[in-house]
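Quick note, the sequences are listed as chains A and B, same order.
Sequential numbering from 39 applies to the first sequence in the numbering used here.
Sequential numbering from 377 applies to the second sequence in the numbering used here.
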Amino acid sequence: MAKFKKKSSKSLTAISTASLPDVIFMLLFFFMVTTVMRETTLYVKIKPPEASQAQKLEKKSLVSYIYIGQPIKPQIYGTEPRIQLNDSYADIKDIAEFITKEKESLKEEDKQKLTTSLKVDQDVKMGIVTDVKQELRKIGAFKINYSARRVIDIASNK
Amino acid sequence: MKRQIQEINASSMADIAFLLLIFFLVTTTMDVDSGITRLLPPPPDPNAPIPDINQRNVFVVLINAGDQLLIEGKPGNIKELRKLAKDFFENPNGDPNLSESEMLSDKIKKTPEGKQRDKLILAEKLLGDRPISKGIISLQNDRGTSYKMYLKVQNELAGAIDELRDKLAKEAFGISYNKLIELKQDDKVESIRTVIPMQISEAEPKDIGGRK
Numbered sequence: 039m040a041k042f043k044k045k046s047s048k049s050l051t052a053i054s055t056a057s058l059p060d061v062i063f064m065l066l067f068f069f070m071v072t073t074v075m076r077e078t079t080l081y082v083k084i085k086p087p088e089a090s091q092a093q094k095l096e097k098k099s100l101v102s103y104i105y106i107g108q109p110i111k112p113q114i115y116g117t118e119p120r121i122q123l124n125d126s127y128a129d130i131k132d133i134a135e136f137i138t139k140e141k142e143s144l145k146e147e148d149k150q151k152l153t154t155s156l157k158v159d160q161d162v163k164m165g166i167v168t169d170v171k172q173e174l175r176k177i178g179a180f181k182i183n184y185s186a187r188r189v190i191d192i193a194s195n196k
Numbered sequence: 377m378k379r380q381i382q383e384i385n386a387s388s389m390a391d392i393a394f395l396l397l398i399f400f401l402v403t404t405t406m407d408v409d410s411g412i413t414r415l416l417p418p419p420p421d422p423n424a425p426i427p428d429i430n431q432r433n434v435f436v437v438l439i440n441a442g443d444q445l446l447i448e449g450k451p452g453n454i455k456e457l458r459k460l461a462k463d464f465f466e467n468p469n470g471d472p473n474l475s476e477s478e479m480l481s482d483k484i485k486k487t488p489e490g491k492q493r494d495k496l497i498l499a500e501k502l503l504g505d506r507p508i509s510k511g512i513i514s515l516q517n518d519r520g521t522s523y524k525m526y527l528k529v530q531n532e533l534a535g536a537i538d539e540l541r542d543k544l545a546k547e548a549f550g551i552s553y554n555k556l557i558e559l560k561q562d563d564k565v566e567s568i569r570t571v572i573p574m575q576i577s578e579a580e581p582k583d584i585g586g587r588k
C-alpha cells in the first residue's frame, strides 16, 4: 500500500519576488505599445448609437474626425448641438478648411482614401448632420463613417 | 587602493515600473473605432440627365421628424424593415410591386466597355448566369429625425443586403460572406458585391418638421 508521506512542517519559504520587476516591465511595454493617446479633448457629449452592422475602422492614420453633440458645459455654451473639429468648436464653414488640411497632411497616394468619421451623439437631430454631409460632398470627401457601437443583435441572427 | 564597486540597489525598480504602468493604464484608450461606412454621392450635376428608373424598382424609406417610418408608402416598423427590404430585392414570386430583375448575361451586353463591365464578367465567371435585381433603396429623412433612428434604418438596410450577400455566398461557394472576406477571397467578394450592390440613394433632405 502506498503511504502518504506526512509533510514536514518546515517554515514556509517566501516566494521570490526577484522576477516581479520583469513581469511589471512586460505589462508596461504592452501598454506602452498598445496605448493611443487621446489627441483631442472632447468638448461635446457623445454617446454613439448602436448598430449591429458596424465594422471596425481600419487605418486610423487615414481617418479624420468630426464630433457633433451637445456642449459639455451647457451653462456656458448652451444645449444646441455643436460641431467640434480638433480642439475647438467650429462652424459648418470651417469643415472645408479642416478637411483640406487633413488631406494635405497625407501622402499623395492616400489622399483619396481619407475617411471622415462622424462621431455623433445619438440624440442629435439629423439637420446638423445633413449640413455636414453636404459640406463634405462639396469638397469631395466622399468616404464617411457613421461612428457606432458594435452590438450583436440576437433578433436577426438566423 | 581599489574600492570594490558597489552594486546599485534595484529593489525600487519594481516601484518605478509600477508607476509607469499605472500611468499608461490610465491614459490608454482601448476603444476600437467602429461604424458604418458609406460613400457620399458627388454633388448633383445640373446637366446630368435624370436616370430612368422604373418606380417599382425603388424601395422608398422615409423617416419623419417624429422618427416614424414610411416604407413603400405604408407606415412601418423598424423591426420589419429588414425583411421588407430583403423581400423587395429577392422577389421570389415575381410580385409586380417588388423589384424587377434581369439576367447577368443581359446586363453585360448592355454595359459599355469599362471597369463595371469587367466586374460583371468576372461575376458571371464565378457565379454563373443568374438573375440580378434592379432595385435600389431610396432613403429620405427630415432635418428633425434623430441620428439614432437614422442610423438604425441604415443599419437595417445594410443588414438586409448583408444577409442577401451571405445567402448568395453560401449558395455559390458554400461558406458565409464574412468568411470569404476573412479569407481574402477578393475576387469572390467583389463578384458578390457586384451582383448585390449596396445602393442606397439618399435624397436631398427636407425640412418639414421644422428646426428643433
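Cβ coordinates follow ideal geometry from the N, Cα and C atoms, glycine included.
None of these values were measured; they are calculated from a predicted model.
- By the Cβ rule, the segment 566-578 of chain B counts as touching the segment 514-522 of chain B, because three or more pairs are nearer than 8 Å.
- Using a CB distance cut-off of 8 Å, K560 of chain B does not count as an interface residue toward chain A.
- If one requires a minimum length of 3 residues, the beta strand (DSSP E) runs lying completely within the segment 102-160 of chain A are 120-123, 126-128, 153-158, in chain order.
- Interface residue (Cβ-Cβ distance to chain B less than 8 Å): I53 of chain A is not classified as such.
- Residue environment: E478 of chain B is assigned as exposed (fewer than 16 neighbouring CB atoms within 10 Å of its CB, all protein chains considered).
- At a Cβ-Cβ threshold of 8 Å, I412 of chain B and Q172 of chain A do not count as neighbours.
- The C-beta distance from L540 of chain B to E466 of chain B rounds to 7 Å, short enough to fall under 8 Å.
- Collapsing the DSSP output to three states places Y523 of chain B in a helix.
- Taking a C-beta distance under 8 Å as the contact criterion, A534 of chain B and I568 of chain B do not qualify as a contact pair.
- DSSP places I439 of chain B outside any alpha helix (DSSP H); the residue lies instead in the beta strand (DSSP E), whose first and last residues are 434-439.
- Along the segment 123-148 of chain A, there is no position whose C-beta sits under 7 Å from a C-beta of chain B.
- The beta carbon of V162 of chain A sits closer than 7 Å to those of I106, G107, P119, all from its chain and outside the five residues before and after it, given in chain order.
- By the Cβ-count criterion, E532 of chain B is buried, with 16 or more other Cβ atoms from all chains shown falling within 10 Å of its own Cβ.
- Taking 8 Å as the cut-off between beta carbons, the residues of the segment 521-540 of chain B near chain A are T521, S522, Y523, K524, Y526, L527, K528, Q530, N531, A534, G535, D538, E539, in sequence order.
- The beta carbon of R432 of chain B is closer than 8 Å to those of P472, N473, L474, S475, E476 in its chain, skipping five residues each way along the sequence.
- For the options B:N430, B:M389, B:A390, B:N453, the alpha carbon positioned closest to that of K528 of chain B is the one of B:N453.
- Looking at the DSSP output, Q93 of chain A sits in a beta bridge with B:G411.
- The C-beta of R379 of chain B has fewer than 16 other C-beta atoms within 10 Å across all chains shown, which makes the residue exposed.
- By the criterion of a C-beta distance shorter than 7 Å, E88 of chain A is surrounded in its chain by A186, R187, V189, once the five residues flanking it on both sides are discounted.
- Rounded to the nearest angstrom, the Cβ distance from I121 of chain A to I110 of chain A is 14 Å, too far for a contact under 8 Å.
- Of the candidates B:D482, B:L446, B:D443, B:L396, the residue whose Cα lies closest to the Cα of V571 of chain B is B:D482.
- Spatial neighbours of V408 of chain B in its own chain (CB-CB distance under 8 Å, excluding positions within 5 residues in sequence) are not present.
- Annotated three-state conformation of L502 of chain B is helix, per DSSP.
- Counting only the Cα atoms, L395 of chain B lies some 37 Å from Q113 of chain A.
- Excluding sequence positions up to five before and after L496 of chain B, its CB lies within less than 7 Å of the CB of L480, K483, I484, T487, T570, all in the same chain and listed in chain order.
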